[in-house]
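Take a look at the structure set out below.
In the numbering used here, the protein residues as written are 103 to 725.
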């Protein structure tokens with residue numbers, strides 16, 4: 103038996119954790135007389151096995167355990183479904199041989215592979231409605247984008263004249279306000295609020311903020327007033343940004359989780375597109391145009407506020423609170439059959455019990471510190487931090503925030519700049535659709551490694567196009583072309599991946615605080631971009647600014663190659679074993695196996711196979 107004691111790379115675990123592990127060892131010793139149990143250290147999985155916690159138990163032991171589970175939680179009315187579901191979870195490949203399986207049962211399990219997008223309407227309603235929350239963020243980005251052309255003059259902070267340099271910083275600060283508030287306040291409120299109010303309650307609170315603050319922005323009379331309303335907007339954005347992706351990930355089956363959870367990016371892109379449409383629609387309304395551009399962002403928050411409580415609550419949140427019956431009821435709404443709901447309920451429950459071996463219940467500050475002290479959680483934190491930071495390093499938000507300004511510097515009139523920004527929003531939205539079908543097929547990591555080099559050369563191309571004389575038609579056309587190409591590559595890769603990835607990599611015990619850290623990382627650096635880019639355009643020139651971000655794309659690609667494991671087609675609970683693999687082992691595999699494979703396969707054109715890093719463990723065949 104492998105040593106299950108939990109250590110943080112040389113540090114002894116706390117006494118209360120040792121006590122719990124010793125209790126687990128004692129219970130496992132008794133169970134091992136009935137079926138062999140192999141422990142994989144969830145902090146240092148040097149064998150890189152993906153462990154099914156039921157695989158080493160005999161069918162008889164599984165049936166005894168699930169009967170005890172049903173009796174303990176008063177679920178005896180669904181015990182037949184639980185018994186079949188537990189045996190299917192133990193050995194998914196041989197579900198047809200499970201006793202009591204009917205033709206209808208076999209068909210519904212078969213359809214998980216044959217018709218993987220066939221799910222009940224409450225699941226799609228949940229994903230669709232909550233993804234509208236992402237549109238608020240996208241709409242606000244483009245609302246402020248268009249408003250940048252006129253609100254500085256209207257509020258007395260013109261970027262021209264003797265105070266131009268100072269006012270450039272003020273414009274950046276006003277634009278960055280939501281992201282500063284998100285990074286330092288909104289995200290960090292999500293953990294305690296989720297604990298008491300649940301996923302739906304936090305989403306409702308965030309929707310109220312996002313409904314009222316755009317209206318407040320529209321009626322602001324001074325730049326400090328606008329700054330305050332956008333700070334309040336940031337609180338709502340932080341709450342929903344840290345909660346909605348988790349909520350979607352926890353409700354969604356593993357085989358389509360990436361495609362559905364990435365709807366966050368799809369709807370963010372849709373919000374960006376609608377925001378550019380609104381900018382164009384109100385451009386001729388005179389001095390109030392910027393007010394309408396900022397205020398229109400309240401529109402997508404309205405259906406989110408009205409509809410969120412019609413969605414089922416997260417079954418994993420119910421299990422975390424000990425409400426097993428409610429967890430089953432949620433799963434029944436989110437799955438096609440009672441059998442699938444019972445199977446997922448018991449499988450999630452057993453994996454959560456394993457997670458408890460590496461975590462200690464404590465305060466918010468304790469959970470936050472464990473993001474960096476518990477090895478399994480620390481690796482997830484590092485990977486989520488990398489993909490979120492990379493989203494800002496790629497430079498997308500300099501375009502999303504300031505595309506109208508960029509096109510104006512390329513010689514466009516106000517109308518032409520708004521029209522070119524509309525084109526950027528359209529490309530960003532349309533090219534998000536391919537990711538729905540590729541993120542679970544090719545994987546999160548593969549999409550990132552392919553698209554980052556493409557974003558580097560397109561940004562470099564856009565920068566060099568500023569050397570074309572301004573009077574020539576090719577100047578604006580070429581800048582727009584490369585910006586649109588950049589947006590297309592972003593929307594397929596770094597656009598959808600970060601939020602979907604960060605929502606799935608943390609164990610349930612640290613999911614809220616981990617997602618808070620990831621979103622805070624992303625939006626803090628978005629705030630830095632928003633503050634610095636107006637001045638960067640002046641000091642470095644557009645060519646220098648674009649070249650700078652092209653270099654950051656290359657750096658981000660290298661970071662992802664070494665620090666970001668693949669998560670496609672794994673349940674949220676199986677990812678415990680993926681992130682139990684030491685980072686050094688993962689990085690070494692990339693150098694020793696992946697790089698030589700790429701050279702042989704794609705340069706030398708040899709027919710070679712890549713040795714996988716992760717291995718699924720066996721299923722005990724005894725009865």
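Using N, Cα and C, we set each Cβ at its ideal position, and we do this for glycine too.
Check	Outcome
Residue 671 in three-state terms, based on DSSP	coil
Given 8 Å, three or more beta-carbon pairs between the stretch 308-317 and the stretch 327-340	yes
The stretch 506-524 in contact with the stretch 677-691 per 3-pair CB rule at 8 Å	no
Neighbour-count burial assignment, residue 374, 16 or more Cβ in a 10 Å radius	buried
Proximity of residue 658 and residue 554 at Cβ, strictly below 8 Å	yes
Beta-carbon gap between residue 305 and residue 262 smaller than 8 Å	no
Sub-8 Å separation of residue 690 and residue 290 beta-carbons	no
Three-way DSSP call (helix, strand, coil) for residue 717 in this model	strand
Option in 210, 605, 266 with minimal Cα separation from residue 641	266
Alpha-carbon spacing of residue 132 relative to residue 161, whole angstroms	Because residue 132 carries a pLDDT of 42, less than 50, the predicted location of this residue cannot be relied on, and the following value inherits that uncertainty. Between residue 132 and residue 161, the C-alpha separation is close to 16 Å.
Segment limits, alpha helix (DSSP H) that includes residue 656	613-665
Burial state of residue 326, where buried means 16 or more other Cβ atoms lie within 10 Å	exposed
Own chain, CB closer than 7 Å to residue 664, minus 5 neighbours either side, in chain order	689, 692
Those runs of the alpha helix (DSSP H) which lie wholly inside the stretch 231-277 and span at least 4 residues	253-256
Exposure of residue 547, with buried meaning 16 or more beta-carbon neighbours within 10 Å	buried
Coarse secondary structure for residue 296, derived from DSSP in three states	helix
Own chain partners of residue 524 with C-beta closer than 7 Å, once the 5 adjacent residues on each side are dropped	378, 379, 382
The stretch 524-539 touching the stretch 555-562, judged by at least three CB pairs closer than 8 Å	no
4-residue-minimum alpha helix (DSSP H) runs that sit fully inside the stretch 325-367, ordered along the chain	325-353, 359-363
Inter-residue CB distance, residue 704 and residue 712 (contact presumed, cutoff 8 Å)	The pair is not a contact, with the Cβ atoms about 12 Å apart (cut-off 8 Å).
Residue 311, buried or exposed, once every other Cβ within 10 Å from all chains shown has been counted against 16	buried
Identity of the residue in 180, 205, 168, 213 nearest residue 192 by Cα	168
Terminal residues of the alpha helix (DSSP H) in which residue 490 lies	477-495
Candidates 644, 696, 344, of which the one nearest residue 710 by Cα	696
Terminal residues of the alpha helix (DSSP H) in which residue 557 lies	546-566
For residue 607, the first and last residue of its enclosing alpha helix (DSSP H)	599-607
Pairwise C-alpha distance: residue 222 and residue 491	35 Å
Boundaries (first-last residue) of the alpha helix (DSSP H) holding residue 419	417-422
Stretch-stretch touch, CB-based, cutoff 8 Å, three pairs: the stretch 265-282 with the stretch 605-621	no
Cβ neighbour criterion (16 or more within 10 Å) applied to residue 117	Low per-residue confidence applies at residue 117: pLDDT is 48, beneath 50, and the placement is therefore not dependable, though the value from the model is reported in the following sentence. Residue 117 comes out exposed.
Proximity to residue 255 [Cα-Cα], best of 242, 297, 273	273
Proximity winner among 156, 433, 218, 214, relative to residue 189 (alpha-carbon distances)	156
Residue 218 versus residue 226: straight-line alpha-carbon distance, rounded	13 Å
Helix, strand or coil at residue 684 [DSSP, three-state]	coil
Residue 204 to residue 601 span [Cα, whole Å]	39 Å
Burial state of residue 500, where buried means 16 or more other Cβ atoms lie within 10 Å	buried
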